[in-house]
Amino acid sequence: MFVRHAKELYPQLVIVPYDFEAYEEVADQFYDILHRHCRKVQAVSCDEAFLDVSDLSDVEPEFLASTIRREIMETTGCTASAGIGGTMLIARLATRVAKPAGQFHISAEKVAEFLDKLPVGTLPGVGSVLKEKLEKQNIQTCGQLRLISKDSLQKDFGVKTGEMLWSYSRGLDLRSVTAVQESKSIGAEVNWGVRFRDQRDIQHFLQCLCKEVSLRLQGCDMIGRTFTLKIKKRKKDAEEPAKYMGCGDCDNLSRSITVPAATDDTEVLQRISKKLFGSFCLDVKEIRGVGLQVSKLDSADPSNKGSRTLTSWLSSAAASVQTEKDNVFAAEVMESSDRKRHDTDGGVSRLLESNSAEPSVQSGDTNSSLPPMCHLDMEVLENLPRELLSELDGTYGGKLFELIEKKQGKRKINSGSPHVSLDGTAGIKESTSLSVKIHGLSTSGEKEYEVPYVPHPSIARTSNERTIEMTDWMPSSLSQVDVSVLQELPEELRADVLGAFPVHRRRQQSSSDAPMEACKKQDEEPIDRKTAENEIGSSSSSLWFGNPPLWTEKFKVSGNCTLEKFSEIYFKVPQSLPTLSSVLQYAISEVWSFCDASADDLDKAVYDVCELLKQYIKLKVEGDIEEIYLCFRLLKRLAARSQLFLQVYEILSPFIQALISEHYGGSLSIP
Numbered sequence: 001m002f003v004r005h006a007k008e009l010y011p012q013l014v015i016v017p018y019d020f021e022a023y024e025e026v027a028d029q030f031y032d033i034l035h036r037h038c039r040k041v042q043a044v045s046c047d048e049a050f051l052d053v054s055d056l057s058d059v060e061p062e063f064l065a066s067t068i069r070r071e072i073m074e075t076t077g078c079t080a081s082a083g084i085g086g087t088m089l090i091a092r093l094a095t096r097v098a099k100p101a102g103q104f105h106i107s108a109e110k111v112a113e114f115l116d117k118l119p120v121g122t123l124p125g126v127g128s129v130l131k132e133k134l135e136k137q138n139i140q141t142c143g144q145l146r147l148i149s150k151d152s153l154q155k156d157f158g159v160k161t162g163e164m165l166w167s168y169s170r171g172l173d174l175r176s177v178t179a180v181q182e183s184k185s186i187g188a189e190v191n192w193g194v195r196f197r198d199q200r201d202i203q204h205f206l207q208c209l210c211k212e213v214s215l216r217l218q219g220c221d222m223i224g225r226t227f228t229l230k231i232k233k234r235k236k237d238a239e240e241p242a243k244y245m246g247c248g249d250c251d252n253l254s255r256s257i258t259v260p261a262a263t264d265d266t267e268v269l270q271r272i273s274k275k276l277f278g279s280f281c282l283d284v285k286e287i288r289g290v291g292l293q294v295s296k297l298d299s300a301d302p303s304n305k306g307s308r309t310l311t312s313w314l315s316s317a318a319a320s321v322q323t324e325k326d327n328v329f330a331a332e333v334m335e336s337s338d339r340k341r342h343d344t345d346g347g348v349s350r351l352l353e354s355n356s357a358e359p360s361v362q363s364g365d366t367n368s369s370l371p372p373m374c375h376l377d378m379e380v381l382e383n384l385p386r387e388l389l390s391e392l393d394g395t396y397g398g399k400l401f402e403l404i405e406k407k408q409g410k411r412k413i414n415s416g417s418p419h420v421s422l423d424g425t426a427g428i429k430e431s432t433s434l435s436v437k438i439h440g441l442s443t444s445g446e447k448e449y450e451v452p453y454v455p456h457p458s459i460a461r462t463s464n465e466r467t468i469e470m471t472d473w474m475p476s477s478l479s480q481v482d483v484s485v486l487q488e489l490p491e492e493l494r495a496d497v498l499g500a501f502p503v504h505r506r507r508q509q510s511s512s513d514a515p516m517e518a519c520k521k522q523d524e525e526p527i528d529r530k531t532a533e534n535e536i537g538s539s540s541s542s543l544w545f546g547n548p549p550l551w552t553e554k555f556k557v558s559g560n561c562t563l564e565k566f567s568e569i570y571f572k573v574p575q576s577l578p579t580l581s582s583v584l585q586y587a588i589s590e591v592w593s594f595c596d597a598s599a600d601d602l603d604k605a606v607y608d609v610c611e612l613l614k615q616y617i618k619l620k621v622e623g624d625i626e627e628i629y630l631c632f633r634l635l636k637r638l639a640a641r642s643q644l645f646l647q648v649y650e651i652l653s654p655f656i657q658a659l660i661s662e663h664y665g666g667s668l669s670i671p
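Per the UniProt record's numbering: the sequence shown = residues 1 to 671.
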C-alpha cells in the first residue's frame with residue numbers, strides 16, 4: 001500500500017523516516033554471519049546472497065541453512081529465508097517457495113517434477129513482454145516450454161533468449177558462485193522524487209550526480225572511457241504515478257559517448273554529462289529520472305596518464321588539431337632524418353659503429369650505453385636535424401660541438417631557422433648551403449659552429465598547404481575583417497583571402513555574389529539574402545523569408561496580444577539593424593508593455609517565439625556565432641522579466657547547445 005492511500009484511510013498515520021545507517025549496520029552483520037559459515041559468498045543485494053557449500057561435505061545443507069537463519073535472527077532480530085538447490089537457478093526458485101521465514105530444498109531428483117507446473121513468468125529473465133509472447137503460443141508452464149526445441153525458441157525469441165528459455169525450463173544453469181565479481185560498469189541513477197523547475201535545477205542535479213559517480217569510481221579504484229546518460233521522460237498524456245513522487249509511465253532515453261582516455265575526474269564527468277544532456281532537447285519539467293553510468297572500466301593505475309590528459313582533450317578542439325599537426329610535422333622530421341641518414345655513405349651504422357642497437361638519448365640513465373665520441377661519424381652528424389643534434393650535444397654534456405669544431409674548423413652554425421620562402425624551395429639551388437646555428441656551452445663562453453644545412457622536405461610544401469595551416473590565425477568571422485583593407489587588395493588576392501575562411505567561419509555565398517559584395521552585405525542584409533534561400537528554401541512557410549520577414553505579418557494577425565507587440569517592435573528597429581538581437585534589445589525596454597496572456601495564449605506565444613528563434617539560429621549557426629551569442633545573452637535578460645521569455649529560454653537552451661556541439665564540438669558559454 002502506498003503512503004498516500006494509507007493516509008487517506010487513516011489520516012493520523014505516523015510515517016517513520018528511513019534509517020540508512022541502521023540498514024547498513026544490519027547488512028554488515030548479515031554478511032559477517034554468511035562469511036563465518038561459507039567461503040564462497042556472492043552478494044546480490046544488501047540482504048540477499050548466493051552461497052556455494054559444495055566443499056562442506058561434512059555438513060548437511062539443510063542443517064547449515066537452519067543454523068545461519070537462527071544466527072541472523074538472534075543477531076539482527078530479522079527473519080531470513082533460504083532456498084537450497086544444485087544450481088543458482090534452482091536455489092533462487094526454492095527461495096521464493098521458502099518465503100516468508102522458511103527454507104525449502106529441491107533435490108536433483110525433484111527438479112523436473114518441480115518445474116513441470118511452474119509458470120514461465122517466475123523464471124528469472126522472463127518479463128511481462130516475453131511472458132505475453134509465450135502465452136500467445138500457448139506456453140504457460142515450464143513443462144510446456146520443455147516440449148519446444150531449442151532451434152524453434154531461438155528462431156522465435158533470438159539466440160540468447162532462446163538458449164536461456166531452453167536451459168531454464170530444464171533446470172540447467174552453468175553459472176557458478178563467484179566471491180569477487182569484476183564490475184563492468186559503475187554509476188548512479190535516481191528515479192524517485194525527480195522534479196525540475198528550470199535549467200538551473202537540472203544543471204545542479206547533474207553536478208551532484210557526477211560527484212557521486214566520481215566518488216564511486218575512486219572508491220573502486222577504477223576509471224572509465226564510456227559514459228552513458230539515462231533520462232526518464234514522462235510519456236505524453238501519462239497520468240500521475242500511483243506512488244507519491246514516483247517516475248510513473250515514462251519513455252527511457254539514453255545517450256553515450258566514448259572518450260580517448262579513461263578518467264574519474266569530476267570536472268570532466270560534469271562537462272560530458274552536460275553535453276549529453278544538451279543533445280536530448282527536453283523540457284526539464286517532463287524529466288522523471290536521471291542516471292549516469294560509466295563503462296569500459298580500467299584500473300586507476302597511478303602511471304595511467306589518461307585521466308590527466310582528458311581535460312585538455314575536452315578543453316580545446318583547436319589545440320588538439322594543432323597538436324596533431326605538430327605530431328605529423330615531427331613524424332616528417334624523423335622520416336626525413338632517417339631517409340637522409342640512409343642516403344649518406346655507410347648509413348646509420350656509421351654514426352654509431354657498434355653491434356648494439358642505437359641507444360635512446362631521451363633519458364639521462366642511458367649515458368653509460370652511448371658510444372665514445374671518437375666513434376661518431378662527422379658526415380652523418382652534419383646531416384642530422386638541428387633538434388636531434390642539440391639533443392645529442394646535451395647527452396654528451398655539451399662536448400659534441402667542441403668535437404665538431406676540432407674536426408671541421410671554425411664554421412658557424414646558425415641557430416635560427418633558415419630564411420626560406422613559404423612558397424617552397426624553388427628559389428633555392430641544390431648547391432646552396434644554408435647554415436644552422438646551435439649554441440654549445442663551454443667554460444670559455446658561448447661558441448658558434450657551422451655545418452651545412454640541407455633544406456627539409458617539409459619546406460617544399462605548397463602554398464595551399466601553408467594557407468590551410470594559417471587559418472588558425474584567421475579572424476573568427478568576416479564581421480571582424482577590416483573592409484577598407486580588403487578593398488585595397490587586388491581582386492584575385494581578395495578572393496583568396498575570403499576563400500581561406502573555414503566553412504564554419506563564413507556564410508555560404510551564391511555564385512552570382514562577388515566575394516567583396518558578400519563581405520560588405522553580410523551585416524546589412526542578415527535576413528533577406530540568398531544564403532537564407534539556399535538553407536531554408538524559398539518556401540513561404542519560412543518565418544525569416546522576405547523583407548520584412550513573414551513572421552512579422554503572421555504575428556500581427558495572430559490575435560495574440562503578445563505576438564502582436566513583438567511584431568510592432570520589429571518595425572521600431574532601424575532598417576539598418578534588422579537583426580534578431582536588435583529586436584530583443586528593443587524588447588527589453590518595452591517588456592513591461594507585454595500584456596498578461598491566458599494560459600492558452602501564453603502556450604501559443606511560447607511555441608511561436610520558439611519556432612521563430614529556432615529558424616533564426618539554424619540560419620546563423622554556420623556564419624555568425626556572435627549573433628547567436630548576443631541573442632541568448634539578451635534572451636536571458638528578458639527571461640528575468642517575463643514569464644514568456646523565461647519559458648522560451650528554458651526550452652531553447654538545450655536546443656542551442658546541441659546545435660553548437662554538432663557544428664563546433666563544444667558548448668556556448670552564456671554567463
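A virtual CB, placed ideally from N, CA and C, is assigned to each residue, including glycine.
Note that this is a predicted model, so its numbers are computed, not measured.
- Gly162 carries a helical assignment under DSSP once its states are collapsed to helix, strand and coil.
- Of the other Cβ atoms in all chains shown, fewer than 16 fall within 10 Å of the Cβ of Asp55; this residue is therefore exposed.
- By the C-beta criterion, the stretch 102 to 112 is judged not to be in contact with the stretch 184 to 197, since fewer than 3 inter-stretch pairs fall below 8 Å.
- The alpha-carbon separation between Leu253 and Ile148 amounts to approximately 35 Å.
- Beta bridge pairing from DSSP links His105 with Ile84.
- Uninterrupted alpha helix (DSSP H) stretches at least 4 residues long and entirely within the stretch 187 to 256 occur at 199 to 219, given in chain order.
- Positions of the alpha helix (DSSP H) runs, each at least 4 residues long and wholly inside the UniProt domain "UmuC" (1 to 127), are given as 3 to 9, 20 to 37, 61 to 76, 88 to 98, 111 to 116 in order along the chain.
- For Ile223, the number of other beta carbons within 10 angstroms of its own is at least 16, and it is reported as buried.
- In the pairwise beta carbon analysis, the stretch 119 to 137 is classified as not touching the stretch 208 to 218: fewer than three pairs are separated by under 8 Å.
- In the DSSP secondary-structure assignment, Leu297 is bridged to Gly224.
- Here Val621 is buried, its C-beta having at least 16 other C-beta atoms within 10 Å.
- Of Ala80, Gly171, Ile15, the smallest CA-CA separation from Ile90 is found for Gly171.
- At a Cβ-Cβ threshold of 8 Å, Ala98 and Gly85 do not count as neighbours.
- By the 16-neighbour rule on beta-carbons within 10 angstroms, Asp19 is exposed.
- The residue among Ile231, Asp249, Leu229 with its C-alpha nearest the C-alpha of Asp237 is Asp249.
- Scanning the stretch 610 to 652 for uninterrupted alpha helix (DSSP H) segments of 4 residues or longer gives 625 to 639, listed from N- to C-terminal end.
- Cβ-Cβ distances below 8 Å link Phe555 to Leu563, Glu564, Phe566, Ser567, Asp608 in the same chain, with the five nearest sequence neighbours on each side left out; the list follows chain order.
- DSSP places Ala179 outside both helix and strand once states are collapsed to three, so it counts as coil.
- Phe632 and Tyr649 have their C-alpha atoms some 8 Å from each other.
- Taking a contact to require three or more Cβ pairs closer than 8 Å, the stretch 259 to 268 and the stretch 651 to 666 do not qualify as touching.
- Pairwise C-beta distances place the stretch 199 to 211 out of contact with the stretch 160 to 179, as fewer than three of them are shorter than 8 Å.
- Separation of Pro371 and Glu662 (C-alpha to C-alpha, rounded to the nearest whole angstrom) is 55 Å.
- Assignment of Leu543 by DSSP, reduced to helix, strand and coil, places it in the coil class.
- Around the beta carbon of Phe645, a 10 Å sphere encloses 16 or more other beta carbons of the protein chains shown; the residue is thus reported as buried.
- Under the DSSP assignment, Gly666 falls outside any alpha helix (DSSP H); it carries neither an H nor an E label.
- Between the stretch 3 to 16 and the stretch 24 to 36, the count of C-beta pairs closer than 8 Å stays below three; the two stretches do not touch.
- Ile139 is bridged by DSSP to nothing; it lacks a bridge partner.
- In the DSSP assignment, Ser273 falls within the unbroken alpha helix (DSSP H) covering 266 to 278.
- If the five residues before and after Gly187 are omitted, its C-beta is found closer than 7 Å to the C-beta atoms of Val213, Gly291, Leu292, Gln293, Val294, all from its own chain and listed in chain order.
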